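Asks: So in my numbering, spot 245 of the sequence shown is number 245, and the numbers just go up one at a time.
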Amino acid sequence: MTANKIELRSVNVTRYITPLREGGSLPALAEADDDFKYVLKFKGAGHGVKALIAELLGGEIARTLGLKVPELVFARLDEAFGRSEGDEEIQDLLKGSQGLNLALHFLSGALTFDPVVTQVDPTLASKIVWLDAYTTNIDRTVKNTNMLIWHKELWLIDHGATFYFHHAWDNWEKAAMSPFPYVKDHVLLPQAALVEEINDEMIALLPDEKLREITNLIPAEWLSWEGTNTNADAIREVYFQFLVQRRNNANNFVKQIQHARETLV
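See the structure below:
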């Protein structure tokens with residue numbers, strides 16, 4: 001069975017509402033020309049376009065695996081946008097983010113996931129831990145769960161810390177084979193009792209053609225990197241090969257997850 005092709009909508013940002021001062025990326029609540037509100041991630045922020053690429057790939061892989069993620073859209077900032085902004089830091093951020101950015105549909109009324117309050121069933125917890133080990137997401141911990149409860153369901157947000165190998169870029173092959181020891185800090189690790197049982201299902205949902213489709217979503221505008229002569233197609237190919245190799249060697253991180261669970265006391 002062929003899954004539906006992934007297509008991201010494009011919107012134009014019409015109104016900057018308020019900064020969301022979380023972490024160092026300074027995302028914002030904004031409105032677009034479709035009259036919806038979005039959490040806007042800026043390419044002019046700390047880690048630049050690489051954080052947007054991570055957000056895009058991590059979010060769409062999660063969605064492909066059947067997990068709930070707010071709709072992602074490409075969000076364009078006009079060159080005149082933000083000229084009236086009084087905060088110099090925000091004005092500089094907006095100026096540095098002219099062009100194509102990324103945004104997540106704003107889940108109005110959502111509550112931050114609290115592991116003390118909400119128990120996640122073992123199957124769902126195992127799938128989320130598997131996802132984060134696969135995409136090398138270092139940022140779903142007790143201190144920063146990056147999950148929301150919305151309409152009584154668990155939603156995943158903020159995948160900008162995935163694929164951290166791309167900040168150095170060299171030796172990506174070694175990174176693809178990593179067992180991902182950071183999984184020991186995952187907020188859902190105690191509930192992830194079925195990782196081995198769901199492993200084959202998760203792998204089957206990520207055939208080469210789907211991984212190629214996801215990596216082809218990366219806009220060329222985000223792939224002109226300072227300090228490298230590598231072209232957009234070659235960079236996309238590295239992301240694709242990283243995902244293929246990591247999927248093909250999923251047992252590396254599945255064993256690491258099981259080992260980390262055994263050390264929980």
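From the three backbone atoms N, C-alpha and C, an ideal C-beta is built for every residue, glycine too.
Computed from a predicted structure; not experimentally measured.
Label Gly58 either buried or exposed according to how many other C-beta atoms from any shown protein chain fall within 10 Å of its C-beta, with 16 as the threshold for buried.
Replies: Stepping through the sequence shown from its first residue, residue 58 is reached at position 58. Buried.
Asks: Using the Cβ count rule (16 or more neighbours within 10 Å means buried), how would you classify Ala168?
Replies: Mapped onto the sequence shown, residue 168 falls at position 168. The residue in question, Ala168, is exposed, as its Cβ has fewer than 16 Cβ neighbours within 10 Å.
Asks: So what's Ser126 in DSSP terms, helix, strand or just coil?
Replies: Working through the sequence shown from its first residue, we reach residue 126 at position 126. DSSP places Ser126 in helix when its eight states are reduced to three.
Asks: Under 7 angstroms Cβ to Cβ from Leu65, same chain only, skipping five residues before and after it: list those, please.
Replies: As a working note, residue 65 is residue 65 in the sequence shown. If we look at Leu65 and ignore the five residues flanking it on each side, its Cβ neighbours are Lys127, Leu131, Met202 and Leu205.
Asks: Please list the terminal residues of the continuous beta strand (DSSP E) segment that includes Tyr239.
Replies: As a position in the sequence shown, residue 239 is number 239, starting the count at 1. Boundaries around Tyr239 are those of the alpha helix (DSSP H), Ala232 to Asn248, since no beta strand (DSSP E) includes it.
Asks: Gln256: buried (16+ other C-beta within 10 angstroms of its C-beta) or exposed?
Replies: Walking along the sequence shown from the start, residue 256 turns up at place 256. When all chains shown are included, Gln256 counts as buried.
Asks: Rounded to whole angstroms, what's the CA-CA distance from Arg15 to Asp139? Just pull it up for me.
Replies: Within the sequence shown, residue 15 is the residue found at index 15, counting from 1. Within the sequence shown, residue 139 is the residue found at index 139, counting from 1. Whole-angstrom Cα-Cα distance: 29 angstroms.
Asks: Is the separation between the beta-carbon of Phe180 and that of Ala54 shorter than 9 angstroms?
Replies: Locating residue 180 in the sequence shown gives position 180, counting from the first residue. Locating residue 54 in the sequence shown gives position 54, counting from the first residue. Judged by their CB atoms, Phe180 and Ala54 are not nearer to each other than the 9 angstroms cut-off.
Asks: What is the DSSP secondary structure of Met202, reduced to helix, strand or coil?
Replies: Here residue 202 refers to the residue found at position 202 of the sequence shown. Here Met202 sits in helix by DSSP.
Asks: Let me know the secondary structure DSSP gives Val11 once reduced to three states.
Replies: Translated into the one-based positions of the sequence shown, residue 11 becomes position 11. The answer is strand: DSSP assigns Val11 an E or B state.
Asks: Tell me whether the beta-carbon of Arg9 lies closer than 9 angstroms to the beta-carbon of Val69.
Replies: Numbered from 1 along the sequence shown, position 9 holds the residue referred to as residue 9. Numbered from 1 along the sequence shown, position 69 holds the residue referred to as residue 69. Contact flag unset, no.
Asks: Tell me which same chain residues have a C-beta within less than 7 angstroms of the C-beta of Ala260, skipping the five on either side of it?
Replies: Here residue 260 is taken as the residue at index 260 of the sequence shown, counted from 1. So the qualifying residues of the chain are Val183, Lys184 and Leu189.
Asks: Based on Cα-Cα distance, which residue from Ala175, Leu93 and Val254 lies nearest to Asp200?
Replies: On the sequence shown, residue 200 is found 200 positions in, with the first residue counted as 1. When each option's Cα is compared against that of Asp200, the closest is Val254.
Asks: Within this structure, are the beta carbons of Ala62 and Ala103 separated by less than 9 angstroms?
Replies: The residue given as residue 62 occupies position 62 in the sequence shown. The residue given as residue 103 occupies position 103 in the sequence shown. No, the pair does not count as a contact, with Cβ atoms beyond the cut-off.
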